[in-house]
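K.L.:
This structure is in structure tokens; I'll ask about it shortly.
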Amino acid sequence: PIFTLKAHTNALCGISVVPGTPQIITADVLGTFRLWDMRNFRCVQSFGGNDSQSANELNTFCVMPQHRRLAAGGSNVMMF
Numbered sequence: 221p222i223f224t225l226k227a228h229t230n231a232l233c234g235i236s237v238v239p240g241t242p243q244i245i246t247a248d249v250l251g252t253f254r255l256w257d258m259r260n261f262r263c264v265q266s267f268g269g270n271d272s273q274s275a276n277e278l279n280t281f282c283v284m285p286q287h288r289r290l291a292a293g294g295s296n297v298m299m300f
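Residues in the sequence shown are numbered consecutively from 221, following the numbering used here.
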């Protein structure tokens with residue numbers, strides 16, 4: 221590997237590139253999302269998880285760059 225990103229304490233359920241940016245988003249099974257800057261390999265934002273009404277069984281998400289939103293699903297569908 222070129223670099224290992226470490227911050228999630230639970231298993232990941234997905235990784236997505238944010239089109240047109242040097243960023244990726246990772247998500248874990250408890251609904252914590254992290255936005256990473258690939259220029260310096262640092263987490264620039266964390267959301268979901270304990271600070272929102274996230275799904276306890278997150279299993280998918282998608283980035284909607286044209287709307288500056290993220291849709292996530294488990295037992296419910298959430299929009300960020």
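Heads up, the beta-carbon is just placed ideally off N, CA and C, and yes, glycines get one too.
Just so we're clear, the structure is a prediction, and the values are computed from it rather than from any experiment.
Does DSSP put Gly251 in a helix, a strand or coil?
P.N.:
coil
K.L.:
Measure the Cβ-Cβ separation of Phe253 and Phe267 and say whether it is below 7 angstroms.
P.N.:
yes
K.L.:
For Gly251, count neighbouring Cβ atoms within 10 angstroms of its own Cβ and tell me buried if that reaches 16, exposed if not.
P.N.:
Counting Cβ neighbours within 10 Å, Gly251 comes out buried, since at least 16 surround it.
K.L.:
Which residue from Gly269, Ala292 and Gly294 puts its Cα closest to that of His228?
P.N.:
Gly269
K.L.:
According to DSSP, Met299 sits in a beta bridge with which residue or residues?
P.N.:
Ala291
K.L.:
Need the endpoints of the beta strand (DSSP E) that Arg262 sits in, please.
P.N.:
Here the beta strand (DSSP E) through Arg262 covers Arg262 to Gly268.
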